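Engineer: Before we start, here is the structure in question, set down as structure tokens.
Numbering (full-length UniProt numbering), first residue to last: 1 to 242.
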């Protein structure tokens with residue numbers, strides 16, 4: 001199959017391309033660095049021409065209230081190009097529980113992206129993943145000081161980026177779901193405990209202070225970002241750390 005991977009040079013996209021090509025498909029990465037502008041439309045028609053599947057892994061450059069405009073413009077541009085090209089399957093990556101955290105601008109923007117896809121002209125699949133293990137460094141940095149890090153006890157089910165990529169590649173070569181597939185890591189941790197495990201592994205002596213309102217995940221109530229009924233990936237957090 002010929003598969004256009006938009007955002008194909010990033011953390012997930014580059015691994016998706018690698019996995020698909022290793023399986024014998026023709027996966028082509030596209031991004032701003034290859035001349036594709038998903039907002040303005042430059043290079044998009046050429047990128048999707050002849051593609052049986054389009055995988056859209058592009059992301060908003062910000063996580064604030066400007067993110068809905070990015071997803072609106074990029075999805076409208078890509079779906080219109082996919083329709084003109086006769087593409088039979090359009091795949092996006094979203095977030096487990098994304099529709100249950102209305103307090104976060106970025107999550108509302110991802111819900112909008114899903115809605116545009118569902119209402120669009122191309123058969124589709126949505127892969128919703130739990131939080132990437134690779135993002136823990138960023139999460140720690142949001143509320144760090146010289147001697148401590150403040151984190152809420154929000155339940156998190158971390159998944160390795162390589163496992164996310166494998167799941168996206170698997171969905172891309174299958175029949176359109178016209179629905180959602182949830183994927184997650186094999187374990188659930190309170191975010192503050194995950195922070196302690198991460199710092200201890202790095203030999204970082206900073207203390208993790210449990211603060212229910214700290215950082216982006218302080219706005220998340222309950223265990224909505226976890227799903228033990230999802231397709232569970234194999235990589236455990238301790239193994240990923242090592």
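For glycine and all other residues, C-beta sits at the position ideal for the given N, C-alpha and C.
The structure displayed is predicted, hence computed values, not measured ones.
#1: Could you round the C-beta distance between residue 107 and residue 126 to whole angstroms and report it? I think they count as a contact, below 8 Å.
#2: Would you check whether the ligand MG has a heavy atom nearer than 7 Å to the C-beta of residue 206?
#3: Considering residue 70, what are the terminal residues of the alpha helix (DSSP H) in which it resides?
#4: To which residues of the same chain is residue 176 closer than 7 Å at the C-beta, ignoring the five residues directly before and after it?
#5: Which residue's Cα is closest to the Cα of residue 116: 229, 80, 210, 135?
#6: Since residue 4 is in the beta strand (DSSP E), which residue starts that stretch and which ends it?
#7: Taking DSSP as the reference, what is the three-state secondary structure of residue 196?
#8: Which residue comes first and which comes last in the alpha helix (DSSP H) that contains residue 244?
#9: Do the CB positions of residue 29 and residue 13 come within less than 8 Å of each other?
#10: Buried or exposed for residue 20, going by 16 or more other Cβ atoms inside 10 Å?
#11: Compare the Cα-Cα distances from residue 87 to each of 103, 93, 120, 114 and report the closest residue.
#12: Could you give the distance in angstroms between the alpha-carbon of residue 233 and the alpha-carbon of residue 58?
#13: By Cβ distance below 6 Å, which residues in the same chain neighbour residue 247 in space, the five residues on each side in sequence not counted?
#14: In this structure, how does DSSP classify residue 88 when only helix, strand and coil are distinguished?
#15: Can you pull the DSSP bridge partners for residue 150?
#16: For residue 186 and residue 236, what's the separation of their Cα atoms in angstroms?
#17: Using three-state DSSP, classify residue 160 as helix, strand or coil.
Structural biologist: In short, the structure shows the following:
#1: Here residue 107 is taken as the residue at index 107 of the chain shown, counted from 1. Here residue 126 is taken as the residue at index 126 of the chain shown, counted from 1. 14 Å between Cβ atoms; not a contact.
#2: Inclusion of the ligand MG in the displayed structure is not the case, the ligand content being empty and no account of it being possible.
#3: Stepping through the chain shown from its first residue, residue 70 is reached at position 70. Residue 70 -> alpha helix (DSSP H) spans 67-85.
#4: Taking the chain shown and counting its residues from 1, the one referred to as residue 176 is at position 176. 89, 123, 124, 125, listed in sequence order.
#5: Looking up residue 116 in the chain shown gives position 116. Closest option to residue 116, Cα to Cα, is 80.
#6: Within the chain shown, residue 4 is the residue found at index 4, counting from 1. It spans 2-6 - the beta strand (DSSP E) in which residue 4 sits, taken as one unbroken run.
#7: Within the chain shown, numbered from 1, the residue matching residue 196 stands at position 196. DSSP places residue 196 in helix when its eight states are reduced to three.
#8: For residue 244 there is no data in the structure shown, the boundaries of the chain being 1 and 242.
#9: Counting from one through the chain shown, the residue named residue 29 turns up at place 29. Counting from one through the chain shown, the residue named residue 13 turns up at place 13. Against a cut-off of 8 Å, the Cβ pair of residue 13 and residue 29 comes out as a contact.
#10: Here residue 20 corresponds to residue number 20 of the chain shown, with the count starting at 1. So residue 20 ends up on the buried side.
#11: Numbered from its first residue, the chain shown carries residue 87 at position 87. That would be 120, whose Cα lies nearest to the Cα of residue 87.
#12: To locate residue 233, count along the chain shown from 1; it is residue 233. To locate residue 58, count along the chain shown from 1; it is residue 58. Taking C-alpha positions only, residue 233 is separated from residue 58 by approximately 23 Å.
#13: Summary: the structure shown does not reach residue 247, with the chain confined to residues 1 through 242, and so no result is reported for it.
#14: Along the chain shown, read from residue 1 onward, the residue named residue 88 stands at position 88. Residue state, collapsed to three classes: coil.
#15: Counted from its first residue, the chain shown places residue 150 at position 150. According to DSSP, residue 150 bridges with 209.
#16: For this step, residue 186 is matched to residue 186 along the chain shown. For this step, residue 236 is matched to residue 236 along the chain shown. Taking the straight line joining both Cα atoms gives about 6 Å.
#17: Taking the first residue of the chain shown as position 1, residue 160 is located at position 160. Three-state DSSP puts residue 160 in coil, outside helix and strand.
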